[in-house]
Each structure stands twice: as C-alpha cells, then as structure tokens.
Amino acid sequence: AAARAGKENVSMSDFESAKDKVFMGPERRSRSMTEADKKIIAYHEAGHAIVGLFTEGSDPLHKITIVPRGRALGLTWQLPETDRYLTNKEYLEGEIAILMGGRLAEEIYVGHISTGASNDIMRASAVARKMVCDYGMSNLGPIHYGDNQQQLFLGRDIGAQRETSEDTARTIDAEIRRIVEENYEKARKLLTDKKREMELLASALLEYESLEASDVKELFETGEISRAKPIRAQLEIPPTPTTDVVSDAP
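Per the working numbering, the sequence shown runs over residues 2 to 251.
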C-alpha cells in the first residue's frame with residue numbers, strides 16, 4: 002500500500018489498508034452505483050452496525066464501509082477483543098439479530114427491501130439450524146439431529162436411511178423459524194428505538210464512505226465527525242451504466 006502511494010515510509014494506515022484488503026478484498030471503485038443504491042447500502046450497513054453496537058455481548062465494531070470490495074457492495078466489520086474458543090447461546094442469538102439488521106434497516110428507513118440481504122438470511126438460517134441440530138440450544142433440547150439435506154457423493158449415501166422423520170424435520174424447521182423471527186423482532190425494536198443513531202450513521206457513510214469505530218463513537222457523542230472527508234467523497238462523479246451483477250451488500 003505504501004509503495005503504490007509513492008511513500009518512503011510505511012505508516013499505520015498502510016498496515017490498516019493491507020489488513021482491509023486481505024480480509025475484505027480489494028476496493029472496487031470502478032463499480033458505478035446510483036445514488037439510490039448507495040443510500041440503500043448505507044442504511045443496510047448502518048443497520049448491521051447499530052444492532053451490533055447495542056446488542057449485549059456482541060463483538061466491538063471495527064469498521065464500516067459502503068465502498069464495494071470483492072463481491073460485496075458494503076461491509077460491517079466486527080472484531081473480538083480476545084480469542085474465542087467457546088460461544089454461548091446469547092452470542093449466537095445476537096449474531097442472528099445483527100445479520101437481520103441490514104434487511105430491517107432497508108425496510109424501516111428506505112421503505113422497501115432489496116436483494117442485498119440474501120447472504121445475511123442464508124447465514125442467519127445456518128446459525129439457527131446449528132443451534133437446533135448441533136448445539137442443543139433450542140426448545141427441542143440437547144439432542145443431535147442429522148442433516149437430511151446433505152448432498153450425495155458418488156452414490157455413497159443412496160441407500161442410507163434418513164436420520165430424522167418427516168414430522169421431526171417439520172418440527173426442526175419450525176424451531177429454526179422461531180429463533181430467527183424472535184431475533185428479527187429484537188433487531189426491529191433496536192433499530193426503531195435508535196432512529197437518531199441510524200440517521201446519523203447512514204448520512205455519515207454517504208459522506209465519508211468508510212468509518213472507523215472511533216468515528217462512530219465521535220459521531221454519536223457530538224453529532225458530527227471532525228476529520229476531513231476524503232477527497233474522492235467530495236467529488237461528484239456522474240454514474241455510468243454497468244452490467245455488473247449486484248451481489249450481497251454485507
């Protein structure tokens with residue numbers, strides 16, 4: 002990062018830039034988006050961040066961006082303060098709520114939902130399924146339920162018996178739905194109660210494009226961010242048509 006910028010010395014910002022690239026993928030500023038799409042992504046990512054910030058026991062916010070990286074149109078990055086070897090039920094429920102925060106923010110603050118939450122929905126459903134089938138963290142108790150949806154491999158499992166009955170499978174699906182929907186509603190209440198923070202954060206993302214945790218803290222305390230906006234965020238570049246396929250926002 003420092004070499005590309007023509008610097009003689011490496012600074013901490015260069016390390017941060019390199020870390021972001023490894024974790025989130027390279028920036029794709031060549032991808033043109035309309036202002037309407039940028040607004041949706043800003044509220045989507047703000048929704049993830051707000052639910053994460055105000056959910057007890059969740060990992061601290063590290064960075065939030067609406068700059069496309071890799072396949073994502075935006076990203077909210079949380080980092081644990083210490084290595085985590087065990088995960089409790091409350092943390093997993095909070096993870097589901099955070100994943101659903103983006104979709105809910107679109108619904109509440111933009112007025113409609115987009116396809117940007119598809120990956121969030123898939124991940125939240127997977128967490129809930131793990132809780133029910135593997136971790137014994139549901140009303141079905143401490144019982145392991147096999148996965149009837151595993152793909153066949155070279156005919157190995159063609160003659161294998163199902164590990165759960167149709168009735169049990171329906172019960173599992175109902176329990177997964179209950180867990181997801183309960184945490185969906187928790188996220189909805191948070192986003193409704195934190196309207197000031199939501200509006201501040203979404204507006205700041207549209208202005209700055211990327212925010213560190215320190216920026217968000219200052220924004221909530223003072224109502225503004227003191228550092229200068231990046232030059233590229235001050236330029237108004239008219240969008241150009243693109244044929245790129247829209248990928249998931251988170």
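Each residue gets a CB set at the ideal place from its N, CA and C atoms; glycine is no exception.
In whole angstroms, what separates the C-alpha of Lys230 from that of Glu208? Working through the sequence shown from its first residue, we reach residue 230 at position 229. Working through the sequence shown from its first residue, we reach residue 208 at position 207. For Lys230 and Glu208, the gap between their C-alpha atoms comes out near 7 Å.
Less than 8 Å between C-beta atoms, sequence neighbours within five positions excluded: which residues of the same chain meet that for Ile180? For this step, residue 180 is matched to residue 179 along the sequence shown. So the list reads Glu94, Ile97, Ala129, Met132, Val133 and Ser139, once near-sequence residues are dropped.
Contiguous alpha helix (DSSP H) assignments of at least 4 residues, all confined to the segment 65–126: The qualifying runs are 90–106.
First through last residue of the beta strand (DSSP E) which encompasses Ser204: In the sequence shown, residue 204 corresponds to position 203, counting from 1. For Ser204, there is no enclosing beta strand (DSSP E); the residue is found in the alpha helix (DSSP H) stretching over Lys196 to Tyr209.
Reduced DSSP secondary structure (H/G/I, E/B, other) of His145: Along the sequence shown, one-based indexing puts residue 145 at 144. Coil, per DSSP.
Which same chain residues, not among the five before or five after Ala47, have their C-beta less than 7 Å away from its C-beta? Sequence index remark: in the sequence shown, residue 47 carries index 46 (1-based). Within the same chain, Ala47 has close Cβ partners Ala106, Met199, Leu202, Ala203 and Leu206.
Between Asp194 and Ala50, what straight-line distance do the alpha-carbon atoms span, to the nearest angstrom? Working through the sequence shown from its first residue, we reach residue 194 at position 193. Working through the sequence shown from its first residue, we reach residue 50 at position 49. Spanning the two alpha carbons is a distance of roughly 14 Å.
Taking Gln221 as part of the alpha helix (DSSP H), name the residues at either end of that continuous run. Working through the sequence shown from its first residue, we reach residue 221 at position 220. According to the sequence provided, residue 221 is Phe. The question's Gln does not apply to it. In the DSSP annotation of this structure, the continuous segment of the alpha helix (DSSP H) that includes Phe221 starts and ends at Ala214 to Thr223.
Any idea if Gln152 is buried or exposed, counting beta-carbon neighbours within 10 angstroms, 16 or more meaning buried? Position 151 of the sequence shown, counted from the first residue, corresponds to residue 152. A caution first: Gln152 carries a pLDDT of 48, below 50, which makes its placement in the model unreliable, though a value can still be read off. Label assigned to Gln152: exposed.
Inter-residue Cα distance where the pair is Ser211 and Thr116: The residue you call residue 211 lines up with position 210 of the sequence shown. The residue you call residue 116 lines up with position 115 of the sequence shown. Looking at the two C-alpha atoms, the distance is approximately 22 Å.
Could you pull out every residue in the same chain whose Cβ sits closer than 7 Å to the Cβ of Asp135, ignoring the five residues on either side in sequence? Mapped onto the sequence shown, residue 135 falls at position 134. For Asp135, where only same-chain residues beyond five positions count, the Cβ hits under 7 Å are His145.
Take the Cβ of Thr77 as the centre, count every other Cβ of all protein chains shown within 10 Å, and call the residue buried at 16 or more, exposed below. For this step, residue 77 is matched to residue 76 along the sequence shown. Classification of Thr77: buried, given that the 10 Å Cβ count is 16 or more.
For Val52, is the classification buried or exposed, using 16 other Cβ atoms within 10 angstroms of its Cβ as the cut-off for buried? Within the sequence shown, residue 52 is the residue found at index 51, counting from 1. Answer is buried; the Cβ neighbour count reaches 16.
Pick out whichever of Phe55, Val111, Thr83 and Asp216 has its Cα sitting closest to the Cα of Lys190. Residue 190 sits at position 189 when you count from the first residue of the sequence shown. Nearest to Lys190 by alpha-carbon distance, out of Phe55, Val111, Thr83 and Asp216, is Phe55.
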